[in-house]
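Q: For reference, the structure I am asking about is given below.
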Amino acid sequence: MKAIVRERFGSPDVLQIKEVEKPAPNEVRGVLVKIYASSVNAADKHDMRGASFVIRLVGPLFRLSMGVRRPKEPGLGTDFAGVVETVRNDVTEFKPGDEVYGVANAAYAEYGLTRESRIALKPRNSSFEQSAAVPIAGFTALQALRDKGHVKPGQKVLINGAGGGVGTFAVQIAKAFGARVTAVTNSTNLDMVRKLGADQVIDYTQEDYTKKGEAYDLIVEIGASHSISDYKRIMNPNGTFVLVGFKDKIVRRLLYFIIRSRFASRGDKKFTFFIAKSNHDDLVVLKDLIEQGDMIPVIDRRYPLTETAQAIRYFEEGRTRGKIVITGDHDTDKPVWSDSYKPPGRGISR
Numbered sequence: 298m299k300a301i302v303r304e305r306f307g308s309p310d311v312l313q314i315k316e317v318e319k320p321a322p323n324e325v326r327g328v329l330v331k332i333y334a335s336s337v338n339a340a341d342k343h344d345m346r347g348a349s350f351v352i353r354l355v356g357p358l359f360r361l362s363m364g365v366r367r368p369k370e371p372g373l374g375t376d377f378a379g380v381v382e383t384v385r386n387d388v389t390e391f392k393p394g395d396e397v398y399g400v401a402n403a404a405y406a407e408y409g410l411t412r413e414s415r416i417a418l419k420p421r422n423s424s425f426e427q428s429a430a431v432p433i434a435g436f437t438a439l440q441a442l443r444d445k446g447h448v449k450p451g452q453k454v455l456i457n458g459a460g461g462g463v464g465t466f467a468v469q470i471a472k473a474f475g476a477r478v479t480a481v482t483n484s485t486n487l488d489m490v491r492k493l494g495a496d497q498v499i500d501y502t503q504e505d506y507t508k509k510g511e512a513y514d515l516i517v518e519i520g521a522s523h524s525i526s527d528y529k530r531i532m533n534p535n536g537t538f539v540l541v542g543f544k545d546k547i548v549r550r551l552l553y554f555i556i557r558s559r560f561a562s563r564g565d566k567k568f569t570f571f572i573a574k575s576n577h578d579d580l581v582v583l584k585d586l587i588e589q590g591d592m593i594p595v596i597d598r599r600y601p602l603t604e605t606a607q608a609i610r611y612f613e614e615g616r617t618r619g620k621i622v623i624t625g626d627h628d629t630d631k632p633v634w635s636d637s638y639k640p641p642g643r644g645i646s647r
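Residues in the sequence shown are numbered from 298 upward in steps of one, following my numbering.
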């Protein structure tokens with residue numbers, strides 16, 4: 298089978314497409330899937346580059362999963378959608394022929410191994426490409442809002458970074474929870490996030506959202522662009538701030554947030570940071586949102602497996618509108634995104 302592999306950490310130039318042995322279910326990962334599509338996440342970029350020395354040094358899980366001097370595993374990629382090829386004898390939830398989506402190791406490949414607990418049946422009304430765009434970004438948006446932000450109907454929620462992969466899902470999920478959403482993005486994405494359901498949009502290239510005099514019950518900050526004092530100024534007395542993800546240039550700020558949050562969560566205002574967890578139950582929640590019409594994946598660009606390096610280069614430019622999909626010669630006939638999209642009635646099981 299064909300797969301994207303690398304022998305060392307580095308830029309997209311280290312990625313190669315090679316013929317490798319097709320894997321078989323094992324004691325750890327009992328489901329073999331034929332992968333029809335995958336998508337690019339920030340974690341893939343950091344895995345490719347070895348993250349930063351600081352993150353690998355501080356995080357034991359990063360060291361164990363990625364390796365310190367060279368990749369522990371040659372493959373790359375996490376999100377996928379495809380069809381179950383074969384399963385281990387004790388796997389009961391899935392069978393060959395099931396159309397599934399979720400998270401796998403080395404998903405930039407024609408086949409991948411995964412666990413029952415990290416996949417679900419894909420949404421019936423979504424293509425493989427749409428479904429592959431969902432898992433990590435969807436987990437992150439859902440868990441930031443529901444588990445860390447404890448979002449409630451009627452709350453004022455600000456989402457900074459609303460035009461990217463996590464942000465486009467966060468806008469739609471927050472609306473499904475009944476929140477009033479202010480979306481911060483660039484001028485190119487203003488109309489898109491409005492059509493995703495945002496009640497108010499702010500072009501960060503034209504105005505500083507921390508100086509508008511508005512206060513919010515929940516701030517979901519994708520990347521961190523201001524100081525803690527700036528965020529505190531625009532939080533309601535019982536407000537919550539959730540930091541999602543990070544960029545290489547703000548690794549020190551990320552560590553600062555983690556340390557400072559222990560002291561900043563005084564009084565009624567809470568600052569928190571988290572890394573999303575992949576799980577079957579949340580894949581089902583995301584599937585239900587898509588099937589009932591409350592969420593649609595926004596796909597910016599598609600690349601074939603042979604152009605995975607180009608896909609990650611584009612991702613690293615930081616101009617992504619929604620998600621980037623790595624795809625094979627499979628279905629592209631179902632609608633993904635258009636400027637005529639109108640969000641339906643919202644609703645989510647609480």
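Glycine included, each C-beta is placed from N, C-alpha and C at the ideal position.
1. Whole angstroms are fine: how far does the CA of T411 sit from the CA of F391?
2. Along the chain, where does the alpha helix (DSSP H) containing D585 start, and where does it finish?
3. For Y345 and D488, what's the separation of their Cα atoms in angstroms?
4. Could you tell me whether the Cβ atoms of A300 and G372 are closer together than 9 angstroms?
5. Let me know the alpha helix (DSSP H) ranges lying completely inside the stretch 403 to 478, each 4 residues or longer, listed in chain order.
6. Could you spell out where the beta strand (DSSP E) holding V328 opens and where it closes?
7. What residue from E318, V481, Y405 has the CA that sits closest to T603's CA?
8. From which residue to which residue does the alpha helix (DSSP H) around D527 run?
9. List the DSSP bridge partners of R599.
10. Per DSSP, what kind of secondary structure is V400 in: helix, strand or coil?
11. Let me make sure I understand the geometry here. Which of D387, S336, F377, P420 has the alpha-carbon closest to that of E324?
12. Helix, strand or coil: how does DSSP classify Q313 here?
13. Alpha helix (DSSP H) containing K342: first to last residue?
14. Can you give the Cα-Cα distance for V351 and K566, rounded to whole angstroms?
15. On the premise that L580 lies in contact with P393, defined as a C-beta separation below 8 angstroms, what is that separation, rounded to the nearest angstrom?
16. List the residues that DSSP assigns as beta-bridge partners of K567.
17. Drop a sphere of 10 angstroms on the beta-carbon of S253, count the other beta-carbons inside from all chains shown, and report buried for 16 or more, exposed for fewer.
18. Within 8 angstroms, do at least three Cβ pairs link the stretch 330 to 343 to the stretch 421 to 432?
19. As a quick exercise: from A606, D591, T569, pick the residue whose alpha carbon is nearest that of A441.
20. Could you name the residues that DSSP lists as bridge partners for K508?
21. Quick check on the burial criterion: 16 or more other C-beta atoms within 10 angstroms. Buried or exposed for I531?
A: Considering the structure as presented:
1. Taking the straight line from one Cα to the other gives about 12 angstroms.
2. 577 to 588
3. Note on identity: in this sequence residue 345 is Met, with Tyr being the wrong assignment. For M345 and D488, the distance between alpha carbons rounds to 33 angstroms.
4. yes
5. 425 to 429, 432 to 440, 462 to 473
6. That run of the beta strand (DSSP E) goes 328 to 336.
7. In this structure, Y405 is the residue among E318, V481, Y405 with its C-alpha nearest to the C-alpha of T603.
8. 525 to 530
9. V622
10. If DSSP states are grouped into helix, strand and coil, V400 belongs with the strands.
11. Residue nearest to E324 within the set D387, S336, F377, P420 is D387 (criterion: CA-CA distance).
12. strand
13. 339 to 346
14. In this predicted model, V351 has a pLDDT of only 45, less than 50, meaning its place in the structure is not dependable enough to derive any value.
15. Incorrect: roughly 19 angstroms between the Cβ atoms, too far for contact.
16. Answer is T537, bridged to K567.
17. The displayed coordinates of the chain run from 298 to 647. Any statement about residue 253 would go beyond what the structure contains.
18. yes
19. T569
20. Bridge partners of K508: none, in fact.
21. buried
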